[in-house]
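In what follows, a structure is listed as structure tokens, so that the remarks can point back to it.
Residue numbers (my numbering): -16 to 95.
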């Protein structure tokens, strides 16, 4: 299931209008309509708000086989901004970022 379908289903399960959801996540109703139609994707910060509002993980919102209740929280605004920028990158650039992060995490684990 795609993000657009998941968002619409969650909103309808809560009996909220697009306007009500928009207010809760701090965007315009038009933005919610675009998210639900697949015309636009939310920023990382908005995605975090959506996951919190519905009590589901970001993985659940984005994955085809999600774990609905795995909670993922990112409170560092800089990390949220980086994630938003990474989402706009090409697949090749995203893969490079993943390799780099893998190396940093591995280095951290080896220090312990």
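Glycine is no exception: its CB is placed at the ideal position from the N, C-alpha and C atoms.
For residue 93, the enclosing alpha helix (DSSP H) begins and ends at 74 to 94. Per DSSP, reduced to three states, the secondary structure at residue 15 is helical. Residue burial annotation: residue 82 is exposed, with fewer than 16 other C-beta atoms found within 10 angstroms of its C-beta.
Considering only 27, 33 and 46, the residue with the shortest C-alpha distance to residue 61 is 27. The segment 31 to 45 and the segment 68 to 75 do not touch, with fewer than 3 CB-CB distances between them shorter than 8 angstroms. The residue from 29, 18 and 1 with its alpha-carbon nearest to that of residue -12 is 18.
Where residue 22 is concerned, there is no enclosing alpha helix (DSSP H), because DSSP gives it neither an H nor an E.
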